[in-house]
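> Structure incoming, see below.
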Amino acid sequence: MTMPSESPTLTASRANWGPMLEVAVREVFELMLSCKLTVPENPTNGILDITAMVGLAGQLCGVMSIQCSHQSAGLMASKMLGVEPEKIGPELCDAFGEICNMVAGNFKNKIAGLSDGCLLSVPTVITGSDYSLHPVSDSAALEVRLLFENKPIVISLQVHS
Amino acid sequence: MNSIQALIVDDSSVMRKIVERSLRQAGVELSKVFEAGNGAEGLAVLAENRVELILCDINMPVMDGLEFVKALAGVENAKGAPVVMITTEGSEAHVVQALSLGARGYIRKPFTPDQVREHVIPLLAVKA
């Protein structure tokens, strides 16, 4: 079986993927959570104990992930649903997974040729921080670090070459 | 505009709530909103209930949105109800396929209530 190879257009546009990923993330938060993300002035450390992941397959193979604290994910869910954070229960993982799904979809739709040539998996949410992601092939990672309500949020795109 | 019954089909319960809220913010008067987690559940709802508007995701387990739209052709309780796809799938091929199967509109996630208004209200106005 042959794997679909990355198109020349995709390879050429890779230099812009970082800014595009940041725009894709910002748009999702502004449109769905009515919230502006900010750029940290200094490298920030914070709790990152929940991760949402969406797989990409086709012309681009990889994993999009978003990490933040459980508390931040709860606040995201409350903003999406328009309810108090205390009232968020099992919807937290659903909402956080959907955010990752929308970021992945929004990102791929911004890249010429990728919209039709790349499919997304359903989201998966992992809780806890004591784990490592080990890509099984040569890969490059794209990472965007932003602040959501002054708390760190890390968006990564692990691309399998 | 009269109050209508709507069906929202999405595997995310959070998205179903957001879509309902966006419809209300867009000025759609909803007398009843039915929810379904996939196309098969949507068809089960339509076996018992008549709706005047259907909003549907594409990527769903069991029965996806495109299969669901295709299956609607023979469903009496969905006759005349415009179907609007709301999905992260921005693929041109999916848009064309959904429209050729009978969908009347397409909204890409993330979306605003204004986009919902822009795509849904004209369809309901034509129907009225």
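Those protein sequence lines, which keep their order, are chains R and P.
Residues 1 to 161 in my numbering are what the first sequence spells out, letter by letter.
Residues 1001 to 1128 in my numbering are what the second sequence spells out, letter by letter.
The beta-carbon is built from N, C-alpha and C at its ideal position, and this holds for glycine as well.
Predicted model only: the values in this text are computed from it and were never measured.
Just verifying my parser: in three-state terms, what is the DSSP assignment at R/SER13?
The sequence position of residue 13 of chain R within the first sequence is 13, counting from 1. Helix at R/SER13.
> Using a cut-off of 8 Å between C-beta atoms, extract the partners of R/SER115 located in chain P.
Taking the first residue of the first sequence as position 1, residue 115 of chain R is located at position 115. Ordered by position in chain P, the residues that pass the 8 Å Cβ test against R/SER115 are GLY1090, SER1091, GLU1092.
> Would P/PRO1110 and R/VAL28 be called neighbours here (beta carbons separated by less than 8 Å)?
As a first step, residue 1110 of chain P must be located in the second sequence, where it is residue number 110. As a first step, residue 28 of chain R must be located in the first sequence, where it is residue number 28. Cβ atoms of P/PRO1110 and R/VAL28: closer than 8 Å.
> Less than 8 Å between the C-beta atoms of P/VAL1009 and P/ASN1038, yes or no?
Your numbering for residue 1009 of chain P matches position 9 in the second sequence. Your numbering for residue 1038 of chain P matches position 38 in the second sequence. Going by C-beta atoms, P/VAL1009 is nearer than 8 Å to P/ASN1038.
> Below 6 Å CB to CB, which residues in the same chain sit around P/THR1088 once its five sequence neighbours on both sides are set aside?
For this step, residue 1088 of chain P is matched to residue 88 along the second sequence. Closer than 6 Å at Cβ, skipping near neighbours: LYS1109.
> Answer with yes or no whether the minimum CB distance from R/GLU98 to chain P is below 8 Å.
For this step, residue 98 of chain R is matched to residue 98 along the first sequence. With 8 Å as the cut-off, R/GLU98 counts as an interface residue toward chain P.
> Going by other Cβ atoms of all chains shown within 10 Å of its Cβ, with 16 needed for buried, is P/ALA1081 buried or exposed?
As a working note, residue 1081 of chain P is residue 81 in the second sequence. It counts as buried.
> Mind checking R/THR38: buried by the 16 CB within 10 Å criterion, or exposed?
Position 38 of the first sequence, counted from the start, is the residue given in the question as residue 38 of chain R. By the 10 Å Cβ count, R/THR38 comes out exposed.
> Please confirm if R/LEU31 has its CB atom under 8 Å from at least one CB of chain P.
As a first step, residue 31 of chain R is located in the first sequence; it is residue number 31 there, counting from the start. Yes, because at least one Cβ of chain P sits closer than 8 Å to the Cβ of R/LEU31.
> Enumerate in chain order the residues of its own chain whose CB-to-CB distance from R/HIS70 is below 6 Å, with the five nearest sequence positions on each side excluded.
Translated into the one-based positions of the first sequence, residue 70 of chain R becomes position 70. Excluding sequence neighbours, R/HIS70 sits near ASP49, ILE50.
> Out of P/GLY1090, P/ALA1047, P/ALA1071, P/ALA1036, which has the shortest C-alpha to C-alpha gap to P/MET1060?
As a first step, residue 1060 of chain P is located in the second sequence; it is residue number 60 there, counting from the start. For the residues P/GLY1090, P/ALA1047, P/ALA1071, P/ALA1036, the minimum Cα distance to P/MET1060 belongs to P/ALA1036.
> Using 8 Å as the limit for Cβ to Cβ distance, is P/ASN1038 near chain R?
Taking the second sequence and counting its residues from 1, the one referred to as residue 1038 of chain P is at position 38. By this cut-off, P/ASN1038 is not an interface position.
> Would you kindly check if the distance between the Cβ of P/SER1091 and the Cβ of R/SER115 is under 8 Å?
Counting from 1 along the first sequence, the entry for residue 115 of chain R is found at position 115. Counting from 1 along the second sequence, the entry for residue 1091 of chain P is found at position 91. In contact: R/SER115 and P/SER1091 (Cβ atoms closer than 8 Å).
> Just tell me which of R/CYS61, R/ALA57, R/CYS35 has its CA closest to the CA of R/SER72.
Reading the first sequence from its first residue, position 72 is the one you call residue 72 of chain R. Comparing Cα positions, the closest option is R/CYS35.
> In chain R, which residues lie less than 7 Å from P/MET1159 when you measure between Cβ atoms?
Because residue 1159 of chain P is not part of the residues shown, which for chain P are 1001 to 1128, the question remains open.
> Within 10 angstroms of the Cβ of R/THR2, are there 16 or more other Cβ atoms? Answer buried if so, exposed if not.
Numbered from its first residue, the first sequence carries residue 2 of chain R at position 2. Residue confidence is low: R/THR2 scores 46 on pLDDT, short of 50, so the model does not pin down where it sits. No coordinate-derived value is stated.
> Given that P/PHE1111 touches chain R, what residues does it touch there, using C-beta distances under 7 Å?
As a position in the second sequence, residue 1111 of chain P is number 111, starting the count at 1. Those within 7 Å of P/PHE1111 in chain R are LEU31.
> Secondary structure at P/ILE1086, three-state DSSP: helix, strand or coil?
Position 86 of the second sequence, counted from the start, is the residue given in the question as residue 1086 of chain P. Three-state DSSP puts P/ILE1086 in a strand.
> If you measure between the beta carbons of R/SER13 and R/ILE153, is that distance less than 8 Å?
As a first step, residue 13 of chain R is located in the first sequence; it is residue number 13 there, counting from the start. As a first step, residue 153 of chain R is located in the first sequence; it is residue number 153 there, counting from the start. No, the pair does not count as a contact, with Cβ atoms beyond the cut-off.
> Taking beta-carbon pairs under 9 Å, can you tell me which members of the stretch 1016-1027 of chain P lie near chain R?
Within the stretch 1016-1027 of chain P, the qualifying residues are LYS1017, ILE1018, ARG1021.
> Could you tell me the alpha carbon to alpha carbon distance between R/GLU143 and P/GLN1005, rounded to whole angstroms?
Taking the first residue of the first sequence as position 1, residue 143 of chain R is located at position 143. Taking the first residue of the second sequence as position 1, residue 1005 of chain P is located at position 5. Distance between the alpha carbons of R/GLU143 and P/GLN1005: 44 Å.
> Terminal residues of the continuous beta strand (DSSP E) containing P/ARG1108?
The residue labelled residue 1108 of chain P in the question sits at position 108 within the second sequence. First-last of the beta strand (DSSP E) with P/ARG1108: 1105-1108.
> Anything in chain R within Cβ reach of P/ARG1108, meaning under 9 Å, just list it in chain order.
Working through the second sequence from its first residue, we reach residue 1108 of chain P at position 108. By Cβ distance, chain R contributes GLY105, ASN106, ASN109.
> Across the stretch 1061-1069 of chain P and the stretch 1015-1034 of chain P, are there enough close Cβ pairs to call them in contact, namely three or more that are closer than 8 Å?
The stretch 1061-1069 of chain P, when compared against the stretch 1015-1034 of chain P, does not touch it at the 8 Å Cβ threshold.
> Can you list, in chain order, the stretches of the alpha helix (DSSP H) that have 4 or more residues and sit fully within the stretch 51-132 of chain R?
Runs of the alpha helix (DSSP H) inside the stretch 51-132 of chain R: 70-81, 91-110.
> Does P/SER1100 get closer than 8 Å to chain R when you measure Cβ to Cβ?
In the second sequence, residue 1100 of chain P corresponds to position 100, counting from 1. No, its Cβ sits nowhere closer than 8 Å to a Cβ of chain R.
> Less than 8 Å between the beta carbons of P/VAL1083 and P/LEU1023, yes or no?
Within the second sequence, residue 1083 of chain P is the residue found at index 83, counting from 1. Within the second sequence, residue 1023 of chain P is the residue found at index 23, counting from 1. Taking 8 Å as the Cβ cut-off, P/VAL1083 and P/LEU1023 do not qualify as a contacting pair.
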